[in-house]
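Here it is, written out as C-alpha cells:
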C-alpha cells in the first residue's frame, strides 16, 4: 500500500458505497493508478456480495414457532387477541377446525380451552432437543419456587416415577391472562409428556377429570379451585397416558 | 400493540444475522429467542421513534456477549488451529459453506461489525451505537475483518498484524 491521501476509513466507505460523490471520483482516479489497491477493494466488494448471497435464503425460511411466540407483551388485550390468533395459526398446523371455533366466539374474548392450549404448548416444546425446558429437574426446588412466584400461586411438580416418567424440568409460557407453567417429563424410551398448569379466574367452573383428542395430541385435563391442569402426549396411547395423568391427579388433588 | 408486531416482522432479519454470527441454525435460533425474550423484558428501554432494528441488534449483541462468556464453544476458532477446507469445485452449497466457515474464524468483534454493515446495511454510526463502541473502532474492525476474511477465503495466512483483537 503506497502513501495515499485517502484514509483507510474512506476506502472502507468506498467499498460500502458510502463515500460522498466527489470524494468517490477522486478515489477512483487514484485507484486507476494503483491496481493493487483497486484489486483489494474490488475483492472486498465481491466478498460483501457473497456474504449477502449466502445468507439471503435465511430470510425466506419460515420462522420457528418458538420464536414467533416469544415476543408477546403481557397485559394488552389487543395483544392477547393477536396472540390467540397466533395460536390459531399453530392450531391449523395441528389440524384443528378453526372456523367452528371462531364462529362460536366473539372476536373480543378469544379464550381457548385448556386442553387446546396445552396441546399446542406440547407440540411446540416437546420436540425441543437443546432447550426442552428453561430450568432443569436438577434445580427442582428453584424451578418450583420460580414458577410459583410467576404464577402467583403455589405450584407443584408431581412425581410421576410410579408411571415411569421422570421430571425433565419446566418452563414459563405466556398465557391469555398471565404466565402459565409447563412441566416436562420423559420416560426411559425418550417419549415425553407435558403437564400444563395455569391459574384460573375466581369465577371459573371446576371440571372433573376429562379426556380430549387434539389432533395428534391426547390430553387429560381437569380444573380445580385454583388451577387448570392438562397432561398431554403425542407419542403414547390413551391408556398409558391415563395412568400418567391419574398419577399426577392423585398428587395434585389429594 | 403495533410495536410488537414490528418486532415480529423483524424476526427474519434477526435470524439471518444470528445465523451468520453463530454459524449453526439451532444455536442461532437460540440467540434470537434469548434476544426476543430480553427485548420483551426491556421493551420500555426502547425509545419510540428510534430505529427498532438497530435497538434489537444492540440487545442481540449484549445477549451474545453474555452467551460467549458463559459458553466457551462459541469462542472464535483460532485460524491457525484448523486447516482451511480445500475449495471444492463450483458447488454453490459447498462454496456457501466455505464462506460460513471462514466467517466463523474471524474474531467475533470483527464478524459483528462486518455483518452489521454488509449484511444488515447499518450505517457506521448505527453499528457503533449497536455495539457500544466508537465509530473509529467500527472502521478499524471493518478493515481488519475484511482483510482477514479475504485471506481466509483465499487460503492465505492472514498477516500477523491482523490477529490483534480488542
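Protein chains in written order, with the working numbering: chain C, 1 to 254; chain U, 255 to 420.
We put the CB at the ideal spot given by N, CA and C, even for glycine.
Contacts around residue i, its chain only, beta-carbon distance under 6 Å, and the 5 residues preceding and following it disregarded
i, result
"residue 118 of chain C", "196, 219, 230 and 232"
"residue 272 of chain U", "282, 285 and 286"
"residue 276 of chain U", "282 and 285"
"residue 406 of chain U", "356 and 359"
"residue 171 of chain C", "133, 134 and 182"
"residue 236 of chain C", "191"
Which listed residue (the options) has its alpha carbon closest to that of residue i
i, options, result
"residue 10 of chain C", "U/260, U/316, U/392 and U/268", "U/392"
"residue 260 of chain U", "U/401, U/364, U/296 and U/305", "U/305"
"residue 216 of chain C", "C/156, C/205, C/238 and C/200", "C/238"
"residue 128 of chain C", "C/186, C/36, C/151 and C/159", "C/186"
"residue 402 of chain U", "U/379, U/363, U/385 and U/323", "U/363"
"residue 167 of chain C", "C/60, C/188, C/151 and C/209", "C/188"
"residue 55 of chain C", "U/389, U/374 and U/379", "U/374"
"residue 225 of chain C", "C/234, C/206 and C/212", "C/206"
"residue 34 of chain C", "C/53, C/5 and C/60", "C/5"
"residue 67 of chain C", "U/384, U/280, U/380 and U/274", "U/280"
"residue 115 of chain C", "C/165, C/27, C/211 and C/202", "C/211"
"residue 8 of chain C", "U/361, U/400 and U/303", "U/400"
"residue 272 of chain C", "U/350, U/289 and U/292", "Coverage of chain C is limited to positions 1 through 254, which leaves residue 272 of chain C absent and any answer about it impossible."
"residue 247 of chain C", "C/227, C/193 and C/234", "C/193"
Three-state secondary structure (DSSP) of residue i
i, result
"residue 101 of chain C", "A caution first: residue 101 of chain C carries a pLDDT of 39, below 50, which makes its placement in the model unreliable, though a value can still be read off. DSSP places residue 101 of chain C in helix when its eight states are reduced to three."
"residue 49 of chain C", "helix"
"residue 249 of chain C", "helix"
"residue 394 of chain U", "helix"
"residue 243 of chain C", "helix"
"residue 378 of chain U", "helix"
"residue 269 of chain U", "helix"
"residue 165 of chain C", "coil"
"residue 6 of chain C", "coil"
"residue 194 of chain C", "strand"
"residue 222 of chain C", "strand"
"residue 236 of chain C", "coil"
"residue 129 of chain C", "coil"
"residue 199 of chain C", "strand"
"residue 16 of chain C", "coil"
"residue 305 of chain U", "coil"
"residue 296 of chain C", "A question about residue 296 of chain C goes unanswered here, because the residues of chain C that appear run from 1 up to 254."
"residue 386 of chain U", "coil"
"residue 179 of chain C", "strand"
Backbone CA spacing between residue i and residue j [nearest angstrom]
i, j, result
"residue 269 of chain U", "residue 57 of chain C", "11 Å"
"residue 368 of chain U", "residue 162 of chain C", "55 Å"
"residue 149 of chain C", "residue 180 of chain C", "11 Å"
"residue 22 of chain C", "residue 16 of chain C", "15 Å"
"residue 295 of chain U", "residue 398 of chain U", "35 Å"
"residue 388 of chain U", "residue 371 of chain U", "15 Å"
"residue 263 of chain U", "residue 19 of chain C", "31 Å"
"residue 158 of chain C", "residue 146 of chain C", "16 Å"
"residue 202 of chain C", "residue 151 of chain C", "14 Å"
"residue 253 of chain C", "residue 156 of chain C", "11 Å"
"residue 137 of chain C", "residue 154 of chain C", "17 Å"
"residue 258 of chain U", "residue 144 of chain C", "30 Å"
"residue 240 of chain C", "residue 292 of chain U", "39 Å"
"residue 25 of chain C", "residue 289 of chain U", "42 Å"
"residue 316 of chain U", "residue 380 of chain U", "15 Å"
Residue i Cβ short of 7 Å to the ligand FAD heavy atom set
i, result
"residue 56 of chain C", "Absent from the structure shown: the ligand FAD. Ligands present: none."
Below-8 Å beta-carbon distance, residue i vs any chain U residue
i, result
"residue 8 of chain C", "yes"
"residue 158 of chain C", "no"
"residue 108 of chain C", "Confidence at residue 108 of chain C is low in this model, with a pLDDT of 32, below 50, so its placement is unreliable and no value can be given for it."
"residue 239 of chain C", "no"
"residue 131 of chain C", "yes"
"residue 139 of chain C", "no"
"residue 55 of chain C", "yes"
"residue 198 of chain C", "no"
"residue 165 of chain C", "no"
8 Å Cβ cutoff, residue i in contact with chain C
i, result
"residue 387 of chain U", "no"
"residue 361 of chain U", "no"
"residue 407 of chain U", "yes"
"residue 345 of chain U", "With a pLDDT of only 43 at residue 345 of chain U, under the threshold of 50, the placement of this residue in the model should not be trusted; the figure read from the coordinates follows. No - not a single Cβ of chain C is within 8 Å of the one on residue 345 of chain U."
"residue 393 of chain U", "yes"
"residue 283 of chain U", "yes"
"residue 274 of chain U", "yes"
"residue 313 of chain U", "no"
"residue 371 of chain U", "yes"
"residue 306 of chain U", "no"
"residue 381 of chain U", "no"
"residue 321 of chain U", "no"
Same chain, Cβ closer than 8 Å to residue i, five either side skipped, listed in chain order
i, result
"residue 175 of chain C", "117 and 198"
"residue 48 of chain C", "15 and 16"
"residue 160 of chain C", "166, 167, 185, 193, 244, 247 and 248"
Own chain, CB closer than 7 Å to residue i, minus 5 neighbours either side, in chain order
i, result
"residue 354 of chain U", "277"
"residue 395 of chain U", "363, 364 and 367"
"residue 309 of chain U", "300"
"residue 44 of chain C", "15"
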